[in-house]
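Undergrad: There's a structure below that I have some questions on.
There are 2 protein chains.
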Amino acid sequence: MNATREEIIRIADELIRSKGYHAFSYADISKVLGVKNAAIHYYFPSKSDLGVAVIDNTAEKFQQTIRSWEQLPYETQFQHFVTMHQKTKKNEWVCLMGALSPTYDTLSENMQLQLKELADNIIIWLTGLLENGRAKGIFHFTEEAKAKAYCIQSSLLASLLLNKVLKNDVYQVIQNTILTV
Amino acid sequence: MNATREEIIRIADELIRSKGYHAFSYADISKVLGVKNAAIHYYFPSKSDLGVAVIDNTAEKFQQTIRSWEQLPYETQFQHFVTMHQKTKKNEWVCLMGALSPTYDTLSENMQLQLKELADNIIIWLTGLLENGRAKGIFHFTEEAKAKAYCIQSSLLASLLLNKVLKNDVYQVIQNTILTV
DNA sequence: GTCTATACCTGGATAGAC
DNA sequence: GTCTATCCAGGTATAGAC
Numbered sequence: 011m012n013a014t015r016e017e018i019i020r021i022a023d024e025l026i027r028s029k030g031y032h033a034f035s036y037a038d039i040s041k042v043l044g045v046k047n048a049a050i051h052y053y054f055p056s057k058s059d060l061g062v063a064v065i066d067n068t069a070e071k072f073q074q075t076i077r078s079w080e081q082l083p084y085e086t087q088f089q090h091f092v093t094m095h096q097k098t099k100k101n102e103w104v105c106l107m108g109a110l111s112p113t114y115d116t117l118s119e120n121m122q123l124q125l126k127e128l129a130d131n132i133i134i135w136l137t138g139l140l141e142n143g144r145a146k147g148i149f150h151f152t153e154e155a156k157a158k159a160y161c162i163q164s165s166l167l168a169s170l171l172l173n174k175v176l177k178n179d180v181y182q183v184i185q186n187t188i189l190t191v
Numbered sequence: 011m012n013a014t015r016e017e018i019i020r021i022a023d024e025l026i027r028s029k030g031y032h033a034f035s036y037a038d039i040s041k042v043l044g045v046k047n048a049a050i051h052y053y054f055p056s057k058s059d060l061g062v063a064v065i066d067n068t069a070e071k072f073q074q075t076i077r078s079w080e081q082l083p084y085e086t087q088f089q090h091f092v093t094m095h096q097k098t099k100k101n102e103w104v105c106l107m108g109a110l111s112p113t114y115d116t117l118s119e120n121m122q123l124q125l126k127e128l129a130d131n132i133i134i135w136l137t138g139l140l141e142n143g144r145a146k147g148i149f150h151f152t153e154e155a156k157a158k159a160y161c162i163q164s165s166l167l168a169s170l171l172l173n174k175v176l177k178n179d180v181y182q183v184i185q186n187t188i189l190t191v
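So the protein sequences, as listed, match chains E and P.
Each residue of the first sequence is one higher than the last, beginning at 11 in my numbering.
Each residue of the second sequence is one higher than the last, beginning at 11 in my numbering.
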């Protein structure tokens, strides 16, 4: 609950998602935060400690978010999930999974474990939502719910990536298409 | 058409797709190729020169490949396009676009330009294929062809990324879903 | 065209003062 | 908890011999 610690995590999260894990340095955080890099090492001795903290932080926020949606209709929950990726888009940031997955093999074992757990949890939640929604006649699709969840998660993740390259309306187009489940 | 030059490009391509652009070094290529890093600088003075060459090489291969498909039925062309991503999957490599797009903003201007051109060309070709196929009654979808192309390209790209993290059958599942257009 | 040698820099990390 | 100072490794890049 330390304020500085939280700030470091927040800045590192932005840097990972805008530049990538290997392309940012403690100096980048120092500049923004107005402290020396030694201060950052005090909180996170190694860069991978910081990486793990960023992933854990994202995982926590995700759990809190879906818990806050629990009472909402399935359709609304789904809309929230799809559009929550848009916030990151405005700043041209990709999501954490999109930023870290390409270099997965180069990450520390701890980062790999936490990232996999996060990915699993997202898919499990989304699969459940789609299944429940279909049972209630809200969603309409023929494939297995898990397959649908994979496709949706993939499309959203990659739409943010392609958006950086194409610099057009990819994200919006894909979102609109997905929303008509 | 220099053999060493071609080899360097091939190795760099693998390294970018397995580790990422910022996580590989000239030393990695030296090791595989059995030469010193100075030799690589002879062909590619700067790392971004090498990066551009890798992108151009991929763009060329893509153009050659789709040209070789020109006489095939739309359906077959589409199947080839979807399954061509699978080759890269076997080695746990992602596609070049998936590897480079997250760190797009950190790349040299030349790399950015070439990468955007490649992305544009893929979307243009895929959009045309989908449109022509639908006109002939082979494909069935209701959204705009370009939207469909965005979704398909996104799903394929991200399926390789998620595959690295989830280490399961994401790629296969998504491919099967996409193939039923 | 490839080598040795080396310059230069950045980045991650630590020791010890305050 | 933050600082200064510093170390070390690795990475990009170049000069000049062969």
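No residue lacks a Cβ here, since even glycine has one placed at the ideal position from N, Cα and C.
(1) Give, in chain order, every residue of the stretch 39 to 59 of chain P whose Cβ lies closer than 9 Å to some Cβ of chain E.
(2) How many whole angstroms separate the CB atoms of Leu125 of chain E and Phe91 of chain E, which I take to be in contact at a CB cut-off of 8 Å?
(3) Go to Glu154 of chain P, then tell me how far its alpha helix (DSSP H) extends in each direction, as first and last residue.
(4) Could you tell me which of P:Lys71, P:Glu80 and P:Ala37 sits nearest to Lys46 of chain P, measuring between CA atoms?
(5) Report the residues of the stretch 81 to 109 of chain P with a CB closer than 9 Å to any CB of chain E, ordered along the chain.
(6) For Gly30 of chain E, go through chain P and note every residue whose CB falls closer than 8 Å to its CB, in chain order.
(7) By Cβ distance, which residues of its chain are closer than 6 Å to Ala69 of chain P, with the 5 residues on each side in sequence left out?
(8) From Gln6 of chain P to Thr75 of chain P, what does the alpha carbon distance come to, in whole angstroms?
(9) With a CB to CB cut of under 7 Å and the five nearest residues on each side skipped, what residues in its chain are close to Leu63 of chain P?
(10) Would you verify that the beta carbon of Val124 of chain E is, or is not, closer than 8 Å to some beta carbon of chain P?
(11) Tell me which same chain residues have a C-beta within less than 8 Å of the C-beta of Glu102 of chain P, skipping the five on either side of it?
(12) For a contact defined as C-beta to C-beta under 7 Å, what are the partners of Thr187 of chain P on chain E?
(13) Could you tell me the distance, in whole angstroms, from the CA atom of Tyr52 of chain P to the CA atom of Ile65 of chain E?
(14) From Leu123 of chain P to Gln185 of chain P, what distance separates their C-alpha atoms?
(15) Mind checking Gln73 of chain P: buried by the 16 CB within 10 Å criterion, or exposed?
(16) Measuring CA to CA, which of P:Ala33, P:Asn67 and P:His32 is closest to Arg15 of chain P?
(17) Rounded to whole angstroms, what's the CA-CA distance from Arg144 of chain E to Phe151 of chain E? Just pull it up for me.
(18) CB Gly30 of chain P to CB His32 of chain E, shorter than 8 Å?
(19) Run the CB neighbour count on Lys146 of chain P, radius 10 Å, all protein chains shown included, and call it buried at 16 or more, exposed below.
(20) I'd like to know whether the C-beta atoms of Asn142 of chain P and Tyr84 of chain P end up nearer to each other than 8 Å.
(21) Taking a contact to mean a Cβ-Cβ separation below 8 Å, would you say Ile50 of chain P touches Ser40 of chain P in this structure?
(22) Tell me whether the beta-carbon of Ser164 of chain E lies closer than 8 Å to the beta-carbon of Ser165 of chain P.
(23) Suppose you measure from the CA of Leu167 of chain E to the CA of Tyr181 of chain P; what does that come to, to the nearest Å?
(24) Lys174 of chain P CB to nearest chain E CB: under 8 Å?
(25) Out of curiosity, what's the CA-to-CA distance linking Glu24 of chain P and Thr98 of chain P?
(26) Can you have a look at Ala22 of chain P and say buried or exposed, based on whether 16 or more other CB atoms are within 10 angstroms of its CB?
(27) If we cut at 8 Å on Cβ distances, does Ala168 of chain E have a partner in chain P?
(28) Quick check on Val183 of chain E - is its C-beta less than 8 Å from some C-beta in chain P?
(29) Using 10 angstroms around the beta-carbon of Ile134 of chain E, count the other beta-carbons present and answer buried if the total reaches 16, otherwise exposed.
TA: Checking against the coordinates, here is how it stands:
(1) Those residues of the stretch 39 to 59 of chain P that come within reach of chain E (Cβ to Cβ, closer than 9 Å) do not exist; the list is empty.
(2) Not a contact, Cβ separation roughly 19 Å.
(3) Run containing Glu154 of chain P: none; DSSP gives neither H nor E here.
(4) Answer by Cα proximity: P:Ala37.
(5) Listed by position along the chain: Glu102, Val104, Met107, Gly108 and Ala109.
(6) Within chain P, the residues near Gly30 of chain E are Gly30, His32, Pro112, Thr113 and Thr116.
(7) The answer, listed in chain order, is Leu128.
(8) What the structure shows of chain P is the stretch from 11 to 191, and residue 6 of chain P is not part of that stretch, so it cannot be assessed.
(9) Note that residue 63 of chain P is Ala in the sequence shown here, rather than Leu. Within the same chain, Ala63 of chain P has close Cβ partners Ile19 and Phe54.
(10) Going by the sequence as given, residue 124 of chain E is Gln instead of Val. So, not an interface residue.
(11) Hits under 8 Å: Ser28, Asn173 and Lys174.
(12) By Cβ distance, chain E contributes Glu153, Ala157 and Cys161.
(13) Using only the alpha carbons, I get a separation of about 41 Å.
(14) As the crow flies, the alpha-carbon of Leu123 of chain P is around 29 Å from that of Gln185 of chain P.
(15) The residue in question, Gln73 of chain P, is exposed, as its Cβ has fewer than 16 Cβ neighbours within 10 Å.
(16) Cα-wise, what sits closest to Arg15 of chain P is P:Asn67.
(17) In a straight line, the C-alpha of Arg144 of chain E is about 8 Å away from that of Phe151 of chain E.
(18) Yes; because the gap between Cβ atoms is below 8 Å, this pair is in contact.
(19) Here Lys146 of chain P is exposed: its Cβ has fewer than 16 other Cβ atoms, across all protein chains shown, within 10 Å.
(20) For the 8 Å CB-CB criterion, Asn142 of chain P and Tyr84 of chain P form a contact.
(21) In contact: Ile50 of chain P and Ser40 of chain P (Cβ atoms closer than 8 Å).
(22) With a cutoff of 8 Å on beta-carbon distance, Ser164 of chain E and Ser165 of chain P are scored as near each other.
(23) Cα to Cα, the separation comes out at about 14 Å.
(24) Answer yes: the Cβ-Cβ gap between Lys174 of chain P and chain E drops below 8 Å somewhere.
(25) About 10 Å.
(26) By the C-beta density criterion, Ala22 of chain P is buried, having at least 16 other C-beta atoms within 10 angstroms.
(27) Yes, contact with chain P.
(28) Residue-level contact check: Val183 of chain E touches chain P, since one or more beta carbons of chain P fall below 8 Å from its beta carbon.
(29) Exposed, since its Cβ has fewer than 16 Cβ neighbours within 10 Å.
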